[in-house]
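With UniProt numbering applied, the sequence shown covers 1 to 782. We put the CB at the ideal spot given by N, CA and C, even for glycine. These figures come from a predicted structure and were not determined experimentally.
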Amino acid sequence: MQPLCHYDESSALLQFKESFIINKSASSGDPFAYPKVNSWTLEGESSDCCSWDGVSCDEDTGHVIGLDLSSSCLYGSINSNSSLFRLVHLQSLNLAHNHFNYSQIPSQVGNLSRLTYLNLSSSVFSGEIPFEVSKLSQLSSLDMGGNFDLSSERYLLQLTELSLTSLVGNLTHIENLDVSGVSIISTVPNIFANLSTLRSLYLHDCGMYGEFPIGIFKLPNLRVLDVKYNKNLTGSLPDFEYWRSPLEEMIFADTSFSGELPASMGNLGSLIALSIRGCNFSGSIPYSIGNLTNLIYLELSNNSLAGNIPSSIGNFIQLAFLGLYDNQLSGPIPFGLANLTQLIVLSLGSNRLTGPIPFGLMNLTQLHILNLEANEFQGQLPISIFNLKNLILLNISNNSLSGTVLICNMTSLLILDVSDNYFSSSLPQCLHNSFQGSKLRMISLRENKFRGLLPRSWANCTMLETIDVSNNQFNDTFPTWLGSLPHLKLLMLRSNKFYGQILESPETNYEFPNLQILDLSYNRFTGKFPLNSFRNWNALKLDNKHLTYIHAETLFRVELYYWFENYDYSMKITNKGVDIVYHKVQEFFRAIDISSNMFVGEIPESIGDLLTGLHMLNLSNNILTGHIPPSLGNLTTLESLDLSQNRLSGEIPPQLAQLTFLEWFNVSHNNLTGSIPQGKQFNTFESSSFEGNLGLCGNPLSNKCWVSDSSPPPPLISKQSQDCIGSLFEFGWKIVLVGYGFGLIIGVIIGNIVAIKKHDWLMKTFGMRQQIRRNMRIKHRN
């Protein structure tokens, strides 16, 4: 009969329990977490601590030898006088996935000299790893990885006073060592090559540098080698010709390993995971890689690998993840790829792959991610692609594909990017009638030749964040019905054939509550821009300081691995006078571009109150009249303001000189008068920003403003003469009066004749130029 646990140990356990608060968020990273200590009590049948959840005892002595409180929702600190250290018979201690409130690992852990297993991972410990850990010479497993602070996005533990060599020097029985995320900042010591019992070594994100010891590859029992995220760590893969390695996982992602992939790597028959993403490998992918038939995870992205994808890749019948993204691979997709029926992720984007997309991809029914972007694929897109109902991301952008986009049955889809191709049909009717796409986050049809109407069923896609149909031939009115989408951030309608008025009435309320970027440029919209109807554009009133990017993300499991997919949204917009493709869109960026339409009327004064978070505003090449509202000076985050090619009059408000972030300013080709504001950002603008305004004066124009305090007052002019002169100013001309009486009459008569002739010439010349310019800007790619 197993003896009961000792009273002093049960008492120590209860004191340890009472030192913490139970908080489910303390173990939020584990969906199966629960407070194990809730079963600890001295009352009733549970009085024996050996029966408590997470506690194990020696069958002969009754001493507590194991304590597993991993994912137990514990919140609080462990200090040096904790009752935990009275459990001197402990052989196994697991406190992983709790929140120990940035406390240091107490040096008293060295009192637990019988420990063979110690796991303090992902529990928000901070500071220096104590020297006493190195005295635990019986340890076979030591895990201190993943102590990360989400709020500051940094790892918390460090190993500076104690070297990595000193830490492992006494651990002669060590089998599993994980110090991932510990700030070590040293070379990888050669002593690791002597640890013949080592089975797994995790050194990722430790600041390691220098040459990686090649002898570590030859350790007779090493199964897992993970040194990723050490960008200054160099090395190469050895020749595996002359020994049989038991390696199952080799993870070198985001290091500076280089060289070629050895043909002998085909001898690593036990390998199930290989990742060299973001390294400096070159050469070709060896044909012998097809011998690694146990592979589940193969990630070779972001290198300089060239040549064809070897046909032997079709041997990977267990492969779930294949990443060859961003290399220099060429040739067609091998037909053998259709054999990889277990694939969940296929990422071949940003290479030089050619030919048609093979029909065999329809066999990959488990696919969640299909990324073929930025290659040289051509021909008809196989309709069978759209039968892959498990896809959450489909990216075939930047190719030369044509055909029909039929996503009607793809109910799992989050991301659809078919931009920069040759699709030319109308969108299928199923999108108009029955498509429910409630999971869709992003639709990009940019740079194709789609035509017809936007599908009204997109209003059902309540998770949509980005809609980009720029540079197509859609012929529709403004999609006010998208205003109810609660998460929509980017609406890009640039360069289509959208037309008509965006009606403004008391009943109209285009909500767009999270819209950050609106681009209506190069269309045929008319009437007044209904700024006041967009009163709920709350996102345009905020100045978001977060330096993150607008993106979609999803987390799913690939066999033993979790794959986190982060997809950054992109866009093309005119900013600071230049057409720019943003491959990432910063979360704080706010912009409105309604340029190159036929909007009329005045710029409402309320613009300075409704859009206070704007960084870019482009109203150019319309038919806007009236004054520039001084309230634009309230847009204190504005970096680019383009009001050019309109019919604005009056002076440039001096309040605009207070816009300290303004880098681009253009009011050219209007009817502005008066002096240009001076100082601050206005001293950086060139004369081209103000040209075409005959009434403007002052730097940087050569037309200087005439000011003299001692000049006599101007002569009185009759009301009739003032009216004549005023009418001339409407054409942008200034009549200088040089006399009284007969001279004045002659001057007025001649001025009217000149003005009439000039007006006809202006209308013929500039009116034609304006029409040519508009035609050029709406011209689409052939």
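{"Item": "Ser668 beta carbon less than 8 Å from that of Ser644", "Value": "yes"}
{"Item": "DSSP three-state assignment for Leu198, whether helix, strand or coil", "Value": "coil"}
{"Item": "Same chain, Cβ closer than 6 Å to Leu641, five either side skipped, listed in chain order", "Value": "Leu617 and Phe665"}
{"Item": "Assigned secondary structure, Trp243 (DSSP; H/G/I helix, E/B strand, else coil)", "Value": "coil"}
{"Item": "4-residue-minimum alpha helix (DSSP H) runs that sit fully inside the stretch 149 to 202, ordered along the chain", "Value": "164 to 169"}
{"Item": "Residue interval of the alpha helix (DSSP H) (run including Phe16)", "Value": "Tyr7 to Glu18"}
{"Item": "Neighbourhood of Ile21 by C-beta, 7 Å cutoff - its chain only, sequence neighbours within 5 removed", "Value": "Tyr75 and Gly76"}
{"Item": "Contact belief for Asn371 with Arg352 at Cβ below 8 Å, rounded distance in angstroms", "Value": "Not a contact, Cβ separation roughly 15 Å."}
{"Item": "Residues near Trp481 in its chain [Cβ-Cβ closer than 8 Å; skip 5 each side]", "Value": "Arg456 and Ala459"}
{"Item": "Simplified DSSP assignment, three categories, for Phe117", "Value": "First, the residue type needs correcting, since residue 117 is Tyr and not Phe in the sequence shown. In this structure, Tyr117 counts as strand in the three-state DSSP scheme."}
{"Item": "Between the CA atoms of Ser137 and Ser39 - distance to the nearest angstrom", "Value": "33 Å"}
{"Item": "Residue environment, Pro31, which counts as buried when at least 16 other CB atoms sit within 10 Å", "Value": "exposed"}
{"Item": "Beta carbon of Phe474 nearer than 8 Å to that of Phe525", "Value": "no"}
{"Item": "Per-residue burial, Ser434 [other beta carbons within 10 Å of its own, 16 or more giving buried]", "Value": "A caution first: Ser434 carries a pLDDT of 48, below 50, which makes its placement in the model unreliable, though a value can still be read off. Counting Cβ neighbours within 10 Å, Ser434 comes out exposed, since fewer than 16 surround it."}
{"Item": "8 Å contact criterion, which residue 789 and Leu361 should meet: CB distance rounded", "Value": "No answer is possible for residue 789: it lies beyond the span of the chain, which begins at 1 and ends at 782."}
{"Item": "Nonlocal neighbours in the same chain, by C-beta distance under 8 Å from Thr462, ignoring five residues either side", "Value": "Ser438, Leu485, Pro486 and His487"}
{"Item": "CB-CB length for Ala591 against Ile517, believed under 8 Å", "Value": "5 Å"}
{"Item": "In chain order, each beta strand (DSSP E) run of at least 3 residues that lies wholly inside the stretch 442 to 489", "Value": "442 to 444 and 466 to 468"}
{"Item": "Pick from Ser11, Ser596 and Ser196 that is closest to Leu619, judged by C-alpha positions", "Value": "Ser596"}
{"Item": "Gly403 versus Cys73: straight-line alpha-carbon distance, rounded", "Value": "54 Å"}
{"Item": "Inter-residue Cα distance where the pair is Lys734 and Thr625", "Value": "Here the model assigns Lys734 a pLDDT of 37, short of 50, so the residue's position is not dependable and the matter cannot be decided."}
{"Item": "Between the CA atoms of Tyr499 and Phe478 - distance to the nearest angstrom", "Value": "7 Å"}
{"Item": "Neighbour-count burial assignment, Phe85, 16 or more Cβ in a 10 Å radius", "Value": "buried"}
{"Item": "Cβ separation of Ala193 and Lys228, assumed to be a contact under 8 Å, to the nearest whole Å", "Value": "So it is not a contact: roughly 20 Å between Cβ atoms."}
{"Item": "Residues that DSSP places opposite Asp205 in a beta bridge", "Value": "In DSSP, Asp205 forms no bridge with anything."}
{"Item": "Residue environment, Ile383, which counts as buried when at least 16 other CB atoms sit within 10 Å", "Value": "exposed"}
{"Item": "Nearest neighbour of Gly278, chosen from Leu118, Glu241, Gly323 and Leu247 [CA to CA]", "Value": "Gly323"}
{"Item": "Every unbroken alpha helix (DSSP H) within the stretch 59 to 147, with a cutoff of 4 residues, ordered by chain", "Value": "none"}
{"Item": "Where Ala33 sits in the DSSP three-state scheme", "Value": "coil"}
{"Item": "Boundaries of the alpha helix (DSSP H) in which Gly608 is found, first to last residue", "Value": "Ile607 to Leu610"}
{"Item": "Sequence-distant residues of its chain with Cβ nearer than 8 Å to Arg154 (five each side left out)", "Value": "Phe148"}
{"Item": "Unbroken beta strand (DSSP E) run spanning Ala591, endpoints", "Value": "Ala591 to Asp593"}
{"Item": "C-alpha gap between Leu247 and Leu445, whole angstroms", "Value": "45 Å"}
{"Item": "Spatial distance of Ser687 from Gly679 (CA atoms)", "Value": "15 Å"}
{"Item": "Leu93 beta carbon less than 8 Å from that of Leu112", "Value": "yes"}
{"Item": "Rounded straight-line distance, which links the Cα of Gly695 to that of Leu611", "Value": "30 Å"}
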